[in-house]
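**Q**
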Amino acid sequence: MPLFPVALSLMASFLSSVSVLGVPTEIFYNGAIYWVGAFSAFLFIPFTVHFILPVLYNAGLSSAFEYLEMRFNKLVRIIGCLVFQLQMILYMAVVLYAPALALNQVMGIDMLVSILVIGLVCTFYTAIGGLKAVMWTDAFQMIIVFAGLMTLIIKATIEVGGIAKVFEKASAGGKLEIDNFDPSPMVRHTVWTLILGGFMTALTVYGGNQAMVQRYVSMKNLRGAQTYLIPYLVMDVLGNAYGVPGLFVACIFSASLSTVSSGVNALALVFMTDIFKPIYKKITLTEVNESKATVYSKVVALLYGLLTIGLAFLSQYFGTLILQISLSIFGMVGGPLLALFVMALFFPCINSLGATVGMICSLTFSFWLAIGTIASRPSPPTYACPVDTNTTLTNYTTHWTTNYTTLSTTTALYNSSTDIENIQVAAAEKTGLQTFYSISYLWYSTLAVLVAVSVALLVSCFSGGTKKKPVDRRLLSPLYLWIASLANTYNSTDLEMHILNKTDSKQGSVDKINGTINENGANTYKYSRKDYAVSF
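For the sequence shown, the positions run -22 to -1, 1 to 514 when mature numbering (1 follows the signal peptide of the UniProt record, and there is no 0) is used.
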């Protein structure tokens, strides 16, 4: 695939309706400090490009979980595959629900009808067209999203009275305070939480998510792979602007379609590659016919789409800020999944048993933290920024309730009894667990990785490490190889195998049998498994 559609598709995959709707709402409640999180991109993008992508790209795999089998064993691969499916199904349900709520407010369309229409349209073209159709439609939809957002920003700024007036009002409301350097992880948003916690949360998307990995490997070469509250505002302030509400609907619709289509396609590919084909081969002792595999893949994509639609109907009862729900999902489920890749890439001393136990413990910890946070959440909440809930603009009045069925504005994505956010409770003593449960949702991924790695190291230490199954160094991150080179524990040419792009062809297909790296007719580097392995 060319660079341009791949780059736009990468952005579209997780720049969803959740972002379009949720980020403005988040800033409305908790201030502009949220945007400090953008600086985490200066960490996670180079980290992914230089320390994760080369290994996955050079392996030439269609599924990122094949790499986990090469590094550990089939059980770890299956566990990773199942966890990924859980993550994406939950996330896509939220993504599908968000635009349905917006369309209900902007156009008066019933939410159930909106969910069905968006879900069925997306499922249909994803099942029929496959990855190429998804990527090209993502690129087109991303252009619509940009156009819609720019129009809204420009028009809203003019309506308010100019940029200076916007900043004046924001400052008066206390929403421009971005210098909170409190080191406490219990504070919802601080500079450290947004940059460091945001770094780990972003890695769950860009470093270990199949929806992104399959786009990386679709590039022709490694160099190319490395380069690449609102609804209320629309109707209340911009409702009389010709075409703006319609453009907003197209923007939300496109943002949702791009994310759900990417997720459905990735889920279908992972199911076929990591579950169906191995089981089919084991039962029939033959490989599945490609034409049959294509048909099966389309059916699986259809089933995943229908499952997402069903869960989207339940999303209205989740009850919290929609942006936080999505990020919490990546923390609760994406964090343990990221931990698998972190252990595989950066810890050659961790064996398959350690990875399995570490993953299970990490998942258990993550869900315990999330469920405990919900169960122990006091009511009512307080906001980081002053919020006037009685403001009336034009013909709209914001009514806050604790039941989604009675919400009168799209920005009321809030349920005070179940909100998963850090709430400062005045005049109330917190127990030790309540204090722990108040930890910022942006630290979920970091904690999940730390738990997984710690447990895995301990289990691996007591189970013999990787001496019985030495690790092929080509399956390790260039960062680890560089650090190891400082200690002179391997030949420097091993590192060059990861970081040099010797040809313009797609390179680095790892032969799992004889341990060679084939470059499609170019130079072939041969090492014995014994000479090219490392064990602890």
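Using N, Cα and C, we set each Cβ at its ideal position, and we do this for glycine too.
Since we're looking at a predicted model, the values are computed, not measured.
(1) Out of curiosity, what's the CA-to-CA distance linking Thr367 and Leu341?
(2) When you compare the segment 146 to 159 with the segment 20 to 30, are there three or more beta-carbon pairs, one atom per stretch, that lie closer than 8 Å?
(3) Can you give me the C-alpha to C-alpha distance between Leu127 and Ile121, rounded to a whole angstrom?
(4) May I have the straight-line CA-CA distance separating Leu39 from Tyr419, to the nearest angstrom?
(5) Could you round the C-beta distance between Pro326 and Thr444 to whole angstroms and report it? I think they count as a contact, below 8 Å.
(6) With a floor of 4 residues, list each alpha helix (DSSP H) that falls wholly inside the segment 140 to 174, ordered by position along the chain.
(7) So what does DSSP say about Asp88, is it helix, strand or coil?
(8) Does the pairing of the segment 174 to 187 with the segment 24 to 36 give three or more beta-carbon distances under 8 Å?
(9) Taking Gln119 as the reference, which of Ala333, Leu454, Ser232 and Asn51 has the closest Cα?
(10) Apply the 10 Å Cβ neighbour rule to Pro163 and answer buried if 16 or more other Cβ atoms are within range, or exposed otherwise.
(11) May I ask you to report which of helix, strand or coil DSSP gives Val61?
(12) Is DSSP giving Val449 helix, strand or coil here?
(13) Okay, do the segment 256 to 269 and the segment 64 to 76 touch, 3+ Cβ pairs below 8 Å being the bar?
(14) Please determine, among Tyr415, Ala244, Ala317 and Ser275, the residue with the shortest C-alpha to C-alpha distance to Ala353.
(15) If Leu(-2) sits next to Ala80, beta carbons under 8 Å apart, how far is it from one beta carbon to the other, in whole angstroms?
(16) Taking the alpha-carbon positions, what's the Ala246 to Ala142 distance?
(17) Mind checking whether Val242 and Tyr274 have CB atoms under 7 Å apart?
(18) Is the beta carbon of Leu331 sitting closer than 7 Å to the one on Ser441?
(19) First and last residue of the alpha helix (DSSP H) that includes Thr342?
(20) Of the residues Ala434, Ser344 and Ala430, which one's Cα is nearest the Cα of Ile417?
(21) Go through its chain and collect everything with a Cβ distance to Ser455's Cβ below 7 Å, but skip five positions before and after it.
(22) In chain order, what residues of the same chain have a beta carbon less than 6 Å from the beta carbon of Glu47, not counting five sequence neighbours either side?
(23) Taking buried to mean at least 16 other C-beta atoms within 10 Å of its own C-beta, is Thr413 buried or exposed?
(24) Give the straight-line distance between the Cα atoms of Val165 and Pro2, rounded to the nearest whole angstrom.
(25) Would you mind reading off the limits of the alpha helix (DSSP H) that contains Glu268?
(26) I'd like to check one pair, Cys59 with Thr278: are the Cβ atoms closer than 7 Å?
(27) Would Ala333 pass as a contact of Ala426 if the rule is Cβ separation under 7 Å?
(28) Under the three-state reduction of DSSP, which class applies to Ile417: helix, strand or coil?
(29) Where does the unbroken alpha helix (DSSP H) through Glu265 begin, and where does it stop?
(30) Quick one: what does DSSP say Gly313 is sitting in, helix, strand or coil?
(31) By the three-class DSSP mapping on this structure, what secondary structure does Val242 have?
(32) Rounded to whole angstroms, what's the CA-CA distance from Tyr12 to Ala271? Just pull it up for me.
(33) For Val144, which residues from the same chain have a beta carbon less than 7 Å from its beta carbon, with the 5 sequence-adjacent residues on both sides left out?
(34) Can you have a look at Ser239 and say buried or exposed, based on whether 16 or more other CB atoms are within 10 angstroms of its CB?
**A** Once the coordinates are examined:
(1) Here residue 367 is taken as the residue at index 389 of the sequence shown, counted from 1. Here residue 341 is taken as the residue at index 363 of the sequence shown, counted from 1. At Thr367 the pLDDT is 46, less than 50, meaning the model places this residue with poor confidence and gives no usable figure here.
(2) no
(3) On the sequence shown, position 149 is the one that residue 127 refers to. On the sequence shown, position 143 is the one that residue 121 refers to. If I take the Cα positions, the gap works out to 10 Å.
(4) Numbered from 1 along the sequence shown, position 61 holds the residue referred to as residue 39. Numbered from 1 along the sequence shown, position 441 holds the residue referred to as residue 419. Cα to Cα, Leu39 sits roughly 33 Å from Tyr419.
(5) The residue you call residue 326 lines up with position 348 of the sequence shown. The residue you call residue 444 lines up with position 466 of the sequence shown. Indeed, because the Cβ distance is near 6 Å, the residues count as touching under 8 Å.
(6) Along the length of the segment 140 to 174, whole alpha helix (DSSP H) runs at least 4 residues long occupy 141 to 150, reported in chain order.
(7) By 1-based counting over the sequence shown, the position of residue 88 is 110. The answer is coil: DSSP assigns Asp88 none of H, G, I, E or B.
(8) A contact exists between the segment 174 to 187 and the segment 24 to 36.
(9) Taking the first residue of the sequence shown as position 1, residue 119 is located at position 141. For the residues Ala333, Leu454, Ser232 and Asn51, the minimum Cα distance to Gln119 belongs to Ser232.
(10) Numbered from its first residue, the sequence shown carries residue 163 at position 185. With 16 or more other Cβ atoms inside 10 Å of its own Cβ, Pro163 counts as buried.
(11) For the purposes of this step, residue 61 is taken as residue 83 along the sequence shown, with counting starting at 1. Reduced to three states, the DSSP call for Val61 is helix.
(12) Position 471 of the sequence shown, counting from 1, holds the residue named residue 449. DSSP places Val449 in strand when its eight states are reduced to three.
(13) no
(14) Locating residue 353 in the sequence shown gives position 375, counting from the first residue. The option with the nearest alpha carbon to Ala353 is Tyr415.
(15) Position 21 of the sequence shown, counted from the start, is the residue given in the question as residue -2. Position 102 of the sequence shown, counted from the start, is the residue given in the question as residue 80. The Cβ separation is near 6 Å, so the contact holds.
(16) Sequence index remark: in the sequence shown, residue 246 carries index 268 (1-based). Sequence index remark: in the sequence shown, residue 142 carries index 164 (1-based). Whole-angstrom Cα-Cα distance: 49 Å.
(17) Here residue 242 corresponds to residue number 264 of the sequence shown, with the count starting at 1. Here residue 274 corresponds to residue number 296 of the sequence shown, with the count starting at 1. It is not a contact, given that the beta carbons lie outside the stated cut-off.
(18) Stepping through the sequence shown from its first residue, residue 331 is reached at position 353. Stepping through the sequence shown from its first residue, residue 441 is reached at position 463. Yes, Cβ-Cβ distance for Leu331 and Ser441 is below 7 Å.
(19) Numbered from 1 along the sequence shown, position 364 holds the residue referred to as residue 342. Ser330 to Ala353 is the span of the alpha helix (DSSP H), which, as asked, contains Thr342.
(20) Locating residue 417 in the sequence shown gives position 439, counting from the first residue. Measuring from the Cα of Ile417, the nearest candidate turns out to be Ser344.
(21) Here residue 455 refers to the residue found at position 477 of the sequence shown. Only Phe29, Ile30, Val33, Leu323 and Phe324 meet the Cβ criterion.
(22) Taking the first residue of the sequence shown as position 1, residue 47 is located at position 69. Excluding sequence neighbours, Glu47 sits near Arg55.
(23) Taking the sequence shown and counting its residues from 1, one reaches residue 413 at position 435. Residue environment analysis places Thr413 among the exposed positions, since fewer than 16 neighbouring C-beta atoms fall within 10 angstroms of its C-beta.
(24) Your numbering for residue 165 matches position 187 in the sequence shown. Your numbering for residue 2 matches position 24 in the sequence shown. Straight-line Cα distance between these residues: approximately 20 Å.
(25) Indexing the sequence shown from 1 puts residue 268 at position 290. Element bounds for Glu268: Glu268 to Leu292.
(26) On the sequence shown, residue 278 is found 300 positions in, with the first residue counted as 1. On the sequence shown, residue 59 is found 81 positions in, with the first residue counted as 1. Sequence check: residue 278 is Val here, not Thr. No, Cβ-Cβ distance for Val278 and Cys59 is not below 7 Å.
(27) Counting from 1 along the sequence shown, the entry for residue 333 is found at position 355. Counting from 1 along the sequence shown, the entry for residue 426 is found at position 448. Contact flag unset, no.
(28) What you label residue 417 is simply residue 439 of the sequence shown in a count that begins at 1. It is coil, neither helix nor strand.
(29) Sequence index remark: in the sequence shown, residue 265 carries index 287 (1-based). Per DSSP, Glu265 lies in no alpha helix (DSSP H) and is assigned neither H nor E.
(30) Position 335 of the sequence shown, counted from the first residue, corresponds to residue 313. Gly313: helix per DSSP, three-state reduction.
(31) Numbered from 1 along the sequence shown, position 264 holds the residue referred to as residue 242. Residue state, collapsed to three classes: helix.
(32) Numbered from its first residue, the sequence shown carries residue 12 at position 34. Numbered from its first residue, the sequence shown carries residue 271 at position 293. Computed Cα separation, rounded: 44 Å.
(33) Position 166 of the sequence shown holds residue 144. The residues are Thr135 and Val138.
(34) Here residue 239 corresponds to residue number 261 of the sequence shown, with the count starting at 1. Buried is the call here.
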